[in-house]
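Numbering (this note's numbering), first residue to last: 258 to 653.
First the structure, in the form of structure tokens, and then the observations on it.
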């Protein structure tokens, strides 16, 4: 009997996969890679679900630290937001989950891997490419894609086998992790429609919540404290998510191009990711040069594109990581944020490496040059345009 490791979330798709693969004669083992989206109770429910489905073994792997160390910190370094909006919540998690699933499969001595992606989304590519890069010797099975099943068909088949799923499962596909939660369903399929308030993970927001100020601290680009309390990145992210959910922070929609070349749209709620990226960007404005900021924006977007589009294992990604990590040497300091229901903004930043100096105050005065020198600079600075206006007047 072929031993197979299934990346298992306990949801509709992977539950179908577990049972269907067993019926095809596989010895199915399951692994849930916790990238921050599961409570203790939910992990217990998933383990019980795996047992009910008759798998040979089930393992839960805490992947949160790996997710931060290997993936998320570079997204923070690069201030990566897909389409200036989406923090690549699912993109990073899927590659991390694939990596750790391969590790479990290797430990089990499995000769096959499986995932529950459909044939219409980005995740299938991320899983397939990661599996091929990390374990090319293993066979990969994808029952949902192979059978081209709809969610309704999966539910019907599982009900015939004695398994039922709540009605909400048929309407929304929810992927929750520590870098954010994405929601897909009938409203996201129409670019005009909006999710009902109850569909957001944080639920309804109390409009009477008081304005709240907080201070996020960074050490060489890594979030290291919240309101003066030193925290490692993983618990700090959890704290910001809890706070942000209450205020309805980080709720938005992302409409963009998929790996398959079609347009796709999701809703997402990612409070910690958006708070940290905005704060980190503000601190970088204070401590990095203009040319560093220009190239960081360009190369950060390129790095995010590689991760999002299934190219994480291209050697270029390692080159970009080296650049991004080196750029964080002086990104140390504090950023003030103000939160209101459904909104937040940065107030200020400070750093021992600040490039704002009393030697020169914009619009006020400077100790570094004289007024006469400034006039000479302005004159020389405009020479090319002056010559153009004299010789090519019709071009203006």
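Where is the CB? At the ideal position from N, CA and C, for every residue including glycine.
What you are looking at is a predicted structure, and each value in this text was computed from that prediction instead of being measured.
Whole-angstrom Cβ separation of residue 318 and residue 285, contact assumed at under 8 Å?
-> What you label residue 318 is simply residue 61 of the chain shown in a count that begins at 1. What you label residue 285 is simply residue 28 of the chain shown in a count that begins at 1. That belief does not hold up - the Cβ atoms of residue 318 and residue 285 are roughly 17 Å apart, past 8 Å.
Are there three or more Cβ pairs, one per stretch, closer than 8 Å when the stretch 295-314 is compared with the stretch 494-506?
-> no
If you run the structure through DSSP and keep just helix, strand and coil, what is residue 640?
-> Here the question's residue 640 lines up with position 383 in the chain shown. It is helical.
Taking the CB atoms as reference points, tell me whether residue 357 and residue 323 lie closer together than 9 Å.
-> Working through the chain shown from its first residue, we reach residue 357 at position 100. Working through the chain shown from its first residue, we reach residue 323 at position 66. Taking 9 Å as the Cβ cut-off, residue 357 and residue 323 qualify as a contacting pair.
Going by other Cβ atoms of all chains shown within 10 Å of its Cβ, with 16 needed for buried, is residue 380 buried or exposed?
-> Numbered from 1 along the chain shown, position 123 holds the residue referred to as residue 380. It counts as buried.
Compare the beta carbon distance of residue 505 and residue 525 with 9 Å and say whether it is the shorter of the two.
-> For this step, residue 505 is matched to residue 248 along the chain shown. For this step, residue 525 is matched to residue 268 along the chain shown. No, Cβ-Cβ distance for residue 505 and residue 525 is not below 9 Å.
Run through DSSP, which three-state label would residue 413 get?
-> Walking along the chain shown from the start, residue 413 turns up at place 156. Correct three-state label for residue 413: helix.
Length of the line joining the Cα atoms of residue 374 and residue 580 = Residue mapping note: residue 374 aligns to position 117 of the chain shown, counting from 1. Residue mapping note: residue 580 aligns to position 323 of the chain shown, counting from 1. Roughly 33 Å between the two C-alpha positions.
Opening and closing residue of the alpha helix (DSSP H) in which residue 260 lies = On the chain shown, residue 260 is found 3 positions in, with the first residue counted as 1. Looking at the DSSP string, residue 260 is not in any alpha helix (DSSP H); the run it does join, the beta strand (DSSP E), is 260-264.
Look at the alpha carbon of residue 367 and the alpha carbon of residue 378, and state the distance between them as a whole number of angstroms.
-> In the chain shown, the residue the question calls residue 367 occupies position 110. In the chain shown, the residue the question calls residue 378 occupies position 121. Roughly 26 Å between the two C-alpha positions.
Please state whether DSSP places residue 437 in a helix, a strand or coil.
-> Within the chain shown, residue 437 is the residue found at index 180, counting from 1. Three-state result, residue 437: strand.
If you drop the 5 nearest sequence neighbours on each side, which residues of the same chain put their C-beta closer than 6 Å to that of residue 293?
-> Taking the first residue of the chain shown as position 1, residue 293 is located at position 36. Around residue 293: 321, 434 and 435.
Does any CB atom of chain B fall closer than 9 Å to the CB of residue 521?
-> Absent here is chain B; the protein component of the structure consists of one chain.
DSSP on residue 537, reduced to helix/strand/coil?
-> As a position in the chain shown, residue 537 is number 280, starting the count at 1. Residue 537 falls in the helix class under three-state DSSP.
Are the CB atoms of residue 570 and residue 349 nearer to each other than 9 Å?
-> Taking the chain shown and counting its residues from 1, the one referred to as residue 570 is at position 313. Taking the chain shown and counting its residues from 1, the one referred to as residue 349 is at position 92. It is not a contact, given that the beta carbons lie outside the stated cut-off.
List the DSSP bridge partners of residue 553.
-> Residue mapping note: residue 553 aligns to position 296 of the chain shown, counting from 1. Looking at the DSSP assignment, residue 553 forms no beta bridge with any residue, so it has no partner.
C-alpha gap between residue 600 and residue 410, whole angstroms = Locating residue 600 in the chain shown gives position 343, counting from the first residue. Locating residue 410 in the chain shown gives position 153, counting from the first residue. About 40 Å.
Give a yes or no on whether the C-beta atoms belonging to residue 218 and residue 502 are separated by under 9 Å.
-> The structure shown does not extend to residue 218, since the chain spans only 258 to 653, so no value can be given for it.
Quick one: give me the first and last residue of the beta strand (DSSP E) that residue 590 is part of.
-> Looking up residue 590 in the chain shown gives position 333. 590-597 is the extent of the beta strand (DSSP E) around residue 590.
Keeping to the same chain, check which residues put their C-beta closer than 7 Å to that of residue 331; ignore five residues upstream and five downstream.
-> As a first step, residue 331 must be located in the chain shown, where it is residue number 74. Around residue 331: 560, 578 and 581.
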